[in-house]
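Protein chains in written order, with this note's numbering: chain H, 134 to 297; chain Z, 108 to 413.
Ideal Cβ placement from N, Cα and C applies to all residues, glycine included.
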């Protein structure tokens with residue numbers, strides 16, 4: 134919450150100087166920055182919080198998002214999302230899949246099916262998961278099973294890579 | 108029951124907090140692409156309705172308000188052109204009489220456990236695989252407002268064609284068919300998940316209120332209680348060996364209750380005191396007939412209401 138308040142400080146100060154009446158501060162009015170919503174179905178990491186930069190892995194290539202990015206839709210690939218906060222620190226999260234949307238007003242939504250902080254990954258569990266996934270792939274008989282096993286392998290490979 | 112539903116409600120509300128940010132995020136694209144903002148008058152009617160309810164009742168008008176909204180959108184049953192997908196048995200029960208022809212899919216086994224994303228994925232997959240030909244769809248659910256109120260709402264979903272025709276879509280970079288399709292599929296599941304979470308929370312809060320009312324009513328009617336106690340004897344003894352029983356329990360033959368026996372709480376208490384002495388003795392003695400007598404079991408507690 135801290136950085137949101139900080140982003141508002143100049144706004145509020147100006148408001149006092151130039152307006153006799155307090156202006157309505159909607160959650161969508163951001164001076165710079167970009168309101169990021171980064172969440173998985175069970176957990177919210179950022180809820181319209183202003184951040185500096187977001188690096189996301191997508192099927193059309195990994196890319197970084199800065200404020201005033203061209204509006205865009207993309208599909209998340211298993212990998213690591215890095216979020217650079219206003220104070221310069223960065224946080225890394227592993228995501229399995231999901232969607233990215235960047236809008237005209239610079240707001241960004243990164244919605245992941247699963248998202249966890251990278252430091253919470255159990256490396257050994259990820260490696261044994263990868264081994265099981267590879268077994269599934271070799272034993273897959275139908276096209277659907279093969280595709281599902283392929284996805285499982287991809288996710289686990291990314292998970293192992295993220296844990297390193 | 109009130110305590111159980113209060114605990115379930117607390118959990119549902121906790122989980123809703125994160126699901127709400129997620130669900131609102133999922134709907135942002137449709138808002139930003141100005142699909143949701145069309146004029147009321149020229150807005151085409153949704154052709155696919157997804158009714159979010161559950162299998163369980165005793166929660167006020169939660170399910171019926173969803174049913175009513177669907178009836179209002181579909182219009183008279185005879186000329187209804189909508190396709191209805193029921194999530195939860197209650198929605199089907201409400202709609203199957205008039206709208207049986209419209210219902211295309213029903214999902215049951217909702218309501219026992221809190222909904223998870225996988226539940227929404229199952230529904231979304233079935234909609235996509237079922238080849239439901241829709242341009243505009245609507246997910247109908249009860250939005251949780253507070254512990255005493257909810258609001259029946261619609262969350263619109265759109266087909267890729269509608270999205271492509273939007274005036275704002277040109278602004279978006281690198282939107283090819285495959286990206287859009289994947290995005291749409293994931294968004295559909297996300298919106299259904301959000302609606303399920305909202306509805307589950309509204310349902311639990313209403314159930315808590317309903318249970319509270321039920322407990323109060325029961326308290327008023329609770330007048331008399333009669334406990335039926337049965338003294339059971341070994342089956343192979345056709346006539347209860349009351350003498351052996353009495354001899355072993357230090358009771359007179361008259362004090363041994365007939366079979367079966369029932370009494371008021373006060374009488375049960377009296378008998379219980381007698382019996383506890385007998386129990387101790389019968390289990391400490393090694394060889395006598397009374398040991399085979401199975402003592403007292405409370406078979407049934409009867410509540411008389413008037």
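Its Cα nearest to that of residue 225 of chain Z, the residue H/173 stands out among H/290, H/166, H/167 and H/173. In this structure, the alpha-carbon of residue 187 of chain Z lies about 30 Å from that of residue 131 of chain Z. Sorting Z/116, Z/244 and Z/142 by C-alpha distance to the C-alpha of residue 153 of chain Z places Z/244 at the top.
Annotation note: the stretch 222-290 of chain Z contains the following uninterrupted beta strand (DSSP E) runs of length 3 or greater, listed N- to C-terminal: 243-253 and 256-265. For residue 251 of chain H, there is no enclosing alpha helix (DSSP H), as DSSP marks it with neither H nor E.
Where residue 225 of chain H is concerned, the enclosing beta strand (DSSP E) starts and stops at 223-228.
When the alpha-carbon of residue 206 of chain H is set against those of Z/299, Z/270 and Z/109, the nearest one is in Z/270. Checking the DSSP bridge columns, you'll see residue 167 of chain H partnered with H/184. Among the residues of chain Z, those whose CB is under 7 Å from the CB of residue 204 of chain H are 278, 279 and 280, following chain order. Scanning H/228, H/222, H/235 and H/220 for the CA closest to the CA of residue 213 of chain H turns up H/228.
Counting along the chain, residue 293 of chain H sits inside the alpha helix (DSSP H) bounded by residues 276-296.
Separation of the CB atoms of residue 126 of chain Z and residue 301 of chain Z is rounded to 6 Å, and the pair is thereby assigned contact status at 8 Å.
With fewer than three CB-CB distances shorter than 8 Å, the stretch 182-197 of chain H does not count as touching the stretch 247-265 of chain H. Annotated as distal: residue 232 of chain Z and residue 306 of chain Z, with beta-carbon spacing of 7 Å or more. Using a CB distance cut-off of 7 Å, residue 133 of chain Z counts as an interface residue toward chain H. Membership of residue 132 of chain Z in the alpha helix (DSSP H) is indicated by the continuous run 109-139. Look at residue 293 of chain Z here: in three-state DSSP terms it is helix. Contact of residue 288 of chain Z with chain H is not assigned, every C-beta pair being separated by 7 Å or more.
Between residue 217 of chain Z and residue 274 of chain Z, the C-beta gap is not smaller than 7 Å, which leaves the two residues out of contact.
Under the Cβ criterion of 7 Å, residue 293 of chain Z is counted among the residues facing chain H. In the structure shown, residue 205 of chain H falls within a strand segment according to DSSP collapsed to helix, strand and coil.
Following the DSSP letters along the chain, one finds residue 171 of chain Z inside the alpha helix (DSSP H) bounded by residues 169-181. Of all residues in the stretch 179-192 of chain H, only 180 come within less than 7 Å of chain Z when Cβ atoms are compared, listed by chain position. From the beta-carbon of residue 174 of chain H, the residues of chain Z found nearer than 7 Å are 126, 129, 224 and 300.
Counting along the chain, the unbroken beta strand (DSSP E) around residue 156 of chain Z starts and ends at 155-159. With contact defined as three or more Cβ pairs closer than 8 Å, the stretch 199-217 of chain Z and the stretch 279-295 of chain Z are not in contact. For residue 208 of chain H, a Cβ of chain Z is located within less than 7 Å of the residue's own Cβ. Residue pairing of residue 265 of chain H in beta bridges, as defined by DSSP: absent, with no partner found.
Under the Cβ criterion of 7 Å, residue 232 of chain H is counted among the residues facing chain Z.
The C-beta of residue 269 of chain H comes no closer than 7 Å to any C-beta of chain Z. Between residue 169 of chain H and chain Z, the shortest Cβ-Cβ separation is not below 7 Å. Neighbours of residue 260 of chain H in chain Z, taken as residues whose beta carbon is under 9 Å from its own, are absent, since the nearest beta carbon is some 25 Å off. Shown here, residue 215 of chain H sits in a strand according to DSSP, grouped into three states.
Around residue 230 of chain Z, the same chain offers 194, 214 and 299 as residues with beta carbons nearer than 7 Å, after the five sequence neighbours per side are excluded. For residue 172 of chain H, DSSP records a beta bridge to H/177 and H/244. Separation of residue 287 of chain Z and residue 291 of chain H (C-alpha to C-alpha, rounded to the nearest whole angstrom) is 24 Å.
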